[in-house]
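A short write-up of the structure that comes next.
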Amino acid sequence: MSGDVGEITKLLRAASAGDRGASDELFTSVFQELRALARSHRRRWNGNDTLNTTALINEVYLRLANQTLASFQDRIHFFATASRAMRQILINYAERASAEKRGGNALRVTLTGLSLHEDSTLEDLLHIDALLSKLEDTNPRHCRLFEYRVFGGMTIDEAAGALDVSPATVKRDWTVLSAWLFSEMNAKKASQQEGSAS
Amino acid sequence: MILERAAEIFLEAVTLDAETRARFVTDMCGNEPRLLNQVNRLLEAANESEDYFLNLAGKVSLGALATDEKGLPADKVIGQWRLRERIGRGGMGAVYLAERADEQFEQRAALKILPTGLDTDQARARFLVERQILARLVHDNIARLLDGGVTGEGVPFFVMDYVEGLPIDAYCVRHKLSTHQRLELVLDIVKAVQYAHRNLIIHRDLKPSNVLVTQSGQVRLLDFGIAKMLEPNAGDADLTRMTQRPATPTFSSPEMLRGEPVDITTDVYSIGVLIYLLLSGKTPLDYAGMSLAEMCERASTDVPPLMSSIRPELRGDLDAIVAKALAKDPAERYESVESLGNDIRNYLAALPVMAKAPSGVYRARKFLARHRLGVAFVAFAVIALSTIAGLAVRSAITAEEQARTVALERDRAEETVDFLISIFDSADPNIAPGEQTAFQILENGRAQIASELSEVPAVQAELLKTMSLAYQSLRLVDESRDVLEQERQIRSAANGEQSTEYADVLIRLAQVTDIGGDYESSLAFAKQALEISEALGDLPGQAAGHTRVGRILHLQGDFDGANAGYRQALELYVRDYGADALQVAQTRSHLGNLLNHQERFPEAVEEFEEALRIRRLHFEGDNSEITEVLLGLASTLKNQGKLDEAEEAYVRAFEMNDRLYGPDNSYNLYVVNGLGLVAQERGQYDLAIDRFEHAIRLIEMHTPGSPNSGFAYANIGKANMLRDRMDLAVPALRNAEAIFEARLPGHWLRGEVRWRLGRCLLETGDYAEAEQLITSGAEVLEERWGSDHKLTRDAQAAAALLHEARSRREQASVPPD
């Protein structure tokens, strides 16, 4: 067979060209692969419960792309999609964990590997998600940047490639964005403490 | 929200040391407390923020990723169903045990629902496809669809039979079933899958956990989550193209692992793995710890050990059956689960099996691997076997007689294999094995057939027929014709000239001479065959004759004659074989091409669509008969001016041919030419010429001297004229004229070539030759198309131009007074 590019590469190209169906499909496959891989990691659990999301996404990339070398653009697009999928997975998890903690909906699902120090992280995640959803309307580029950096583990240069802006701009945006989000979270925590004190 | 100015001040400030920073911020914010407040908060956060976020994802435990998607609360009521526990998680949905909520009667069921985290358009569409597939399948061995709908939150779900049972492998072990009993269970799987295939559905995920056996011993097939629907009219993207990459590689066919398009034989392969597992206790190939790339490699190249190497009592037929089901190349497998089932039944009834005895096959396969021969040759061997084996079976009446015949034929087939191998082995020893070409081997075989099989003319003739097909697939038209002439002599002596066999060889001769461009001989062969069939009252033979005659008249430009021929053939075929027969599709496709040339486009499109419909009933996936229809359809669409649709159909045909035959295949000659015409219609002349030249390369590569190159040169000439390159048009048109003169002197297109050539010569001032060419060309077109036709009018316009130029010249030559 001549000119055989991998399925994932075809999807990436169609998605980059604005094909909505391909984009959805890509997201679904990446989402499922990430989880499948995480499950297989857990099966051969080696005592280290934390995980390196960047390494995981890389591994998924190699599996899906079947080690055929896609172009730099394809790669960037893949990591962008993976960042979004990772956000979705972590947020789903946080939502569920917090619902279970509240005991509200009587979820009969046992959470495994939920350690104590994680508690606040999960709350933070939910808060971040809410802030990002608000930001989505006014500055979607900032949302993407955050996803790429935080959930996808992209470097400044990679994020610049994905967003098609200069690394200098990305660096500035990232500094402001992270400071702003962090300050918003601080503000919320402060108000919660006040609330519980009174 | 972040204030723009706050961000600017912050970015500046964050680079300064503490002291300067405080002053800078106060200066910049002046008396705007809100601005000052925000800048300060940002500065305060900046110490930790970046590190915090960059480490955030890593702080979440592996559990977050590894855990299930959001579960639904138990006791939740969906439609008429109350959820109990979760019983499974498919790739595309969560499955719950459910009970009727109205409690009118007790019913347990399995409810499958789209997981909330995954509600993309694509996942939803895929989910609905599964529901639709299940709705279509009502079979004792397939879990039934009971109900379906959408939850209050708008999430789709459906309800199926809840099957209480064990996975088939566990069941066999638990009940200590004999080989015989295990095969009986496999036959139930075959029945269910066969039923699905008949409903145009491929399961694609057959594995023990999807094949449950109930307490009462009934097989139930589950989980059509990645099944594929073969919609005759669904040209849209395959929703499962990514997710078809399975979680259980062990049971997946090599092509599926590689992510290539699959057809029903992928299920044949999976059933082969199931049989292997159930009988030997092991899986054929071990993929433990492999990456996908490694698995693909292994699945594509490693031949699994024979089952008899694990359990010696499985030697022989069962080894052969499984080997045939597990063939790497889908074309080498059983062509349907039905034929796999038949072979298992043959085995159980102690009848001979269809699967080739391993010894010969393995020897042949090893030989083929060693000699790196083409597909043509494998096809040669397979066709030889199947035609010979099939011959006598059809004429046998009773089952016993059939069984005996099968045994007999199998022996004969084995002899044939041995014979073929003897051809291989005795190939010229001076040639290194790797350099042995398929051509040389065929030549060698031809000599041996003549010398060694003279006392068994029936076998000799069958082998010659097969060889002619092999030559044809190598596009060696002359050799193919020679072999058929030999076959004709044998048939004449053995069967007599008034026989269906003789008529049949004539039809094939007509076909091969048509490919070679010798229309005169072709027509003579076809007419002779037709006469014989009429004398014998053989309807299909007559239909074949009419089709052939129609085709040649069509090529020679006699459209009315061709139309009559096709219509007669169509009527005979429909009468004898029914409206959905492949022969009907073939004739409709010819008729479509003709109607296209007759400019009866809507009728042509109808014929093509009907032909496509019929062929898709018979073939799934890539197939040369599909590309043939696509080609005709594309050409009609192009002629109707629907250029985008035409191009799309051409490209589909091109890609399919490429997959079927590899790059530079001769089948794409017509496709490339058609793409050139589309480009020309769009005014992209350079591109058009590139494509026509590509077509000529293909012709020269495969059928040098064929009149087809005349058409391609004519196209190049026309395209050059359209882009005002008369100088380049002249040599192309001269080439075309020479080819037409030699091969198709009476073809109307020659008229167009001639006037165009004349028109070009006008530019160079060669009036005498120009006039002769334009006038004669216009006459040909007028005779063929009438004086009102666009083609004729173009020629007449050229004639007018000629007169104008000539009168201008005459005026110029009158001396001024």
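Residue numbers (this note's numbering), protein chains in the order written: chain A, 2 to 199; chain B, 568 to 1384. Think of the CB as a built atom: it goes at the ideal place given N, C-alpha and C, for glycine as much as any other residue.
To the nearest angstrom, report how far apart residue 1154 of chain B and residue 871 of chain B are at their CA atoms.
Position 587 of the second sequence, counting from 1, holds the residue named residue 1154 of chain B. Position 304 of the second sequence, counting from 1, holds the residue named residue 871 of chain B. Approximately 44 Å between the Cα atoms of the pair.
If you measure from the beta carbon of residue 183 of chain A to each beta carbon in chain B, is any gap under 9 Å?
Numbered from 1 along the first sequence, position 182 holds the residue referred to as residue 183 of chain A. Yes, residue 183 of chain A lies at the interface with chain B (some Cβ there is under 9 Å from its Cβ).
On the premise that residue 1283 of chain B lies in contact with residue 1306 of chain B, defined as a C-beta separation below 8 Å, what is that separation, rounded to the nearest angstrom?
One-based indexing of the second sequence puts residue 1306 of chain B at position 739. One-based indexing of the second sequence puts residue 1283 of chain B at position 716. Rounded, the Cβ-Cβ distance is 12 Å, inconsistent with contact.
What number of angstroms, rounded off, separates the C-alpha of residue 1220 of chain B from the C-alpha of residue 1174 of chain B?
Within the second sequence, the letter at position 653 stands for residue 1220 of chain B. Within the second sequence, the letter at position 607 stands for residue 1174 of chain B. Those two C-alpha atoms are separated by around 18 Å.
Nonlocal neighbours in the same chain, by C-beta distance under 6 Å from residue 1297 of chain B, ignoring five residues either side:
Here residue 1297 of chain B refers to the residue found at position 730 of the second sequence. 1327, listed in sequence order.
Could one say the Cβ of residue 29 of chain A lies closer than 9 Å to chain B's Cβ atoms, at least one of them?
Reading the first sequence from its first residue, position 28 is the one you call residue 29 of chain A. Yes - at least one Cβ of chain B is within 9 Å of the one on residue 29 of chain A.
Below 8 Å, can you find three or more Cβ-Cβ pairs linking the stretch 161–169 of chain A to the stretch 124–134 of chain A?
Contact between the stretch 161–169 of chain A and the stretch 124–134 of chain A is absent: fewer than 3 CB-CB pairs across the two stretches fall below 8 Å.
Alpha helix (DSSP H) segment containing residue 727 of chain B, residue limits:
Taking the second sequence and counting its residues from 1, the one referred to as residue 727 of chain B is at position 160. That residue, residue 727 of chain B, is in no alpha helix (DSSP H); its beta strand (DSSP E) goes 723–728.
Would the beta-carbon of residue 694 of chain B fall within 9 Å of that of residue 645 of chain B?
On the second sequence, residue 694 of chain B is found 127 positions in, with the first residue counted as 1. On the second sequence, residue 645 of chain B is found 78 positions in, with the first residue counted as 1. Contact: no.
According to DSSP, simplified to helix, strand and coil, what is residue 900 of chain B?
Here residue 900 of chain B corresponds to residue number 333 of the second sequence, with the count starting at 1. The answer is coil: DSSP assigns residue 900 of chain B none of H, G, I, E or B.
Using the Cβ count rule (16 or more neighbours within 10 Å means buried), how would you classify residue 1378 of chain B?
By one-based count along the second sequence, residue 1378 of chain B stands at place 811. By the neighbour-count rule (16 or more Cβ atoms within 10 Å), residue 1378 of chain B is not buried but exposed.
Name, in chain order, the residues that DSSP records as bridge partners for residue 667 of chain B.
Translated into the one-based positions of the second sequence, residue 667 of chain B becomes position 100. DSSP lists B:648 as partners of residue 667 of chain B.
Own chain, CB closer than 7 Å to residue 933 of chain B, minus 5 neighbours either side, in chain order
Locating residue 933 of chain B in the second sequence gives position 366, where the first residue counts as 1. Model confidence at residue 933 of chain B stands at a pLDDT of 40, short of 50, so the residue's coordinates are unreliable and nothing is read from them.
Which residue marks the beginning of the beta strand (DSSP E) containing residue 714 of chain B, and which one marks its end?
For the purposes of this step, residue 714 of chain B is identified with residue 147 of the second sequence, where counting begins at 1. Here the beta strand (DSSP E) through residue 714 of chain B covers 712–717.
Quick check: what's the CA-CA separation for residue 1240 of chain B versus residue 1164 of chain B?
Position 673 of the second sequence, counted from the first residue, corresponds to residue 1240 of chain B. Position 597 of the second sequence, counted from the first residue, corresponds to residue 1164 of chain B. So the alpha carbons of these two residues sit roughly 16 Å apart.
Considering only C-alpha positions, which residue in the set B:1064, B:1079, B:1066 is nearest to residue 1036 of chain B?
In the second sequence, counting from the first residue as 1, residue 1036 of chain B sits at position 469. For the residues B:1064, B:1079, B:1066, the minimum Cα distance to residue 1036 of chain B belongs to B:1079.
Considering only C-alpha positions, which residue in the set B:1102, B:1210, B:663, B:574 is nearest to residue 595 of chain B?
Here residue 595 of chain B refers to the residue found at position 28 of the second sequence. Comparing alpha carbon positions, the residue from B:1102, B:1210, B:663, B:574 closest to residue 595 of chain B is B:574.
Just the C-alpha distance for residue 1143 of chain B and residue 902 of chain B, rounded to the nearest angstrom, thanks.
For this step, residue 1143 of chain B is matched to residue 576 along the second sequence. For this step, residue 902 of chain B is matched to residue 335 along the second sequence. So the alpha carbons of these two residues sit roughly 25 Å apart.
For my contact list, residue 733 of chain B and residue 780 of chain B are in at a C-beta cut-off of 8 Å; report their separation, rounded to the angstrom.
Within the second sequence, numbered from 1, the residue matching residue 733 of chain B stands at position 166. Within the second sequence, numbered from 1, the residue matching residue 780 of chain B stands at position 213. Contact between residue 733 of chain B and residue 780 of chain B holds, with the beta-carbon distance rounding to 6 Å and staying under 8 Å.
Exposed or buried, what is residue 758 of chain B when buried is set at 16 or more other beta-carbons lying within 10 Å of its beta-carbon?
Here residue 758 of chain B refers to the residue found at position 191 when the second sequence is read from its first residue. That one is buried.
For a test of the three-state rule: what should DSSP assign to residue 787 of chain B, helix, strand or coil?
Residue numbering aside, residue 787 of chain B sits at position 220 when the second sequence is read from its first letter. Looking at residue 787 of chain B - three-state DSSP - the assignment turns out to be strand.
Could you give the DSSP three-state label for residue 583 of chain B: helix, strand or coil?
In the second sequence, the residue the question calls residue 583 of chain B occupies position 16. Three-state result, residue 583 of chain B: coil.
Answer yes or no: does any C-beta atom of chain A fall closer than 9 Å to that of residue 531 of chain B?
Coverage of chain B is limited to positions 568 through 1384, which leaves residue 531 of chain B absent and any answer about it impossible.
Return yes when the Cβ of residue 1340 of chain B is within less than 9 Å of the Cβ of residue 1321 of chain B, no when it is not.
To locate residue 1321 of chain B, count along the second sequence from 1; it is residue 754. To locate residue 1340 of chain B, count along the second sequence from 1; it is residue 773. A contact, by the Cβ cut-off of 9 Å.
How far does the alpha helix (DSSP H) with residue 1284 of chain B in it reach, from first residue to last?
Here the question's residue 1284 of chain B lines up with position 717 in the second sequence. Segment 1275–1289, the alpha helix (DSSP H) holding residue 1284 of chain B.
is_contact[residue 621 of chain B, chain C] using C-beta, thresh 9 Å:
Any reference to chain C falls outside this structure, whose protein chains are A and B.
CB contact check: residue 14 of chain A to chain B, cutoff 9 Å
Here the question's residue 14 of chain A lines up with position 13 in the first sequence. The Cβ of residue 14 of chain A sits no closer than 9 Å to any Cβ of chain B.
Could you pull out every residue in the same chain whose Cβ sits closer than 7 Å to the Cβ of residue 882 of chain B, ignoring the five residues on either side in sequence?
The residue you call residue 882 of chain B lines up with position 315 of the second sequence. The beta carbon of residue 882 of chain B sits closer than 7 Å to the beta carbons of 875 from its chain, once the five residues preceding and following it are set aside; these are given in chain order.
Can the beta-carbon of residue 1232 of chain B be found closer than 9 Å to that of residue 1084 of chain B?
Within the second sequence, numbered from 1, the residue matching residue 1232 of chain B stands at position 665. Within the second sequence, numbered from 1, the residue matching residue 1084 of chain B stands at position 517. Inclusion of residue 1232 of chain B and residue 1084 of chain B in the CB contact set at 9 Å is not warranted, their separation being larger than that value.
For residue 944 of chain B and chain A, any beta-carbon pair shorter than 9 Å?
Mapped onto the second sequence, residue 944 of chain B falls at position 377. Caution is warranted here: a pLDDT of 48 is assigned to residue 944 of chain B, below 50, making its placement in the model unreliable, and the coordinate value is therefore given only provisionally. No, residue 944 of chain B lies away from the interface with chain A (no Cβ there is under 9 Å from its Cβ).
Take residue 1195 of chain B as the anchor and find which of B:1208, B:1156, B:1215 has the nearest alpha-carbon.
Here the question's residue 1195 of chain B lines up with position 628 in the second sequence. The shortest Cα separation from residue 1195 of chain B among B:1208, B:1156, B:1215 belongs to B:1156.
Residues near residue 85 of chain A in its chain [Cβ-Cβ closer than 7 Å; skip 5 each side]:
Your numbering for residue 85 of chain A matches position 84 in the first sequence. Taken in chain order, the residues that qualify are 28, 148.
Does at least one heavy atom of the ligand GDP sit under 8 Å from the Cβ of residue 734 of chain B?
With respect to small molecules bound, the structure shown includes none, and the ligand GDP cannot be examined in it.
Can you pull out the residues from the stretch 142–160 of chain A whose beta carbon lies closer than 8 Å to at least one beta carbon of chain B?
Within the stretch 142–160 of chain A, the residues whose Cβ lies closer than 8 Å to any Cβ of chain B are, in chain order, 147, 150, 151, 152, 154.
Could you compute how far the alpha carbon of residue 1314 of chain B sits from the alpha carbon of residue 1071 of chain B?
Start at 1 with the first residue of the second sequence, and residue 1314 of chain B comes out as number 747. Start at 1 with the first residue of the second sequence, and residue 1071 of chain B comes out as number 504. The alpha-carbon atoms of residue 1314 of chain B and residue 1071 of chain B are separated by roughly 29 Å.
Residue 780 of chain B (DSSP reduced to helix, strand or coil)
What you label residue 780 of chain B is simply residue 213 of the second sequence in a count that begins at 1. Reduced to three states, the DSSP call for residue 780 of chain B is strand.
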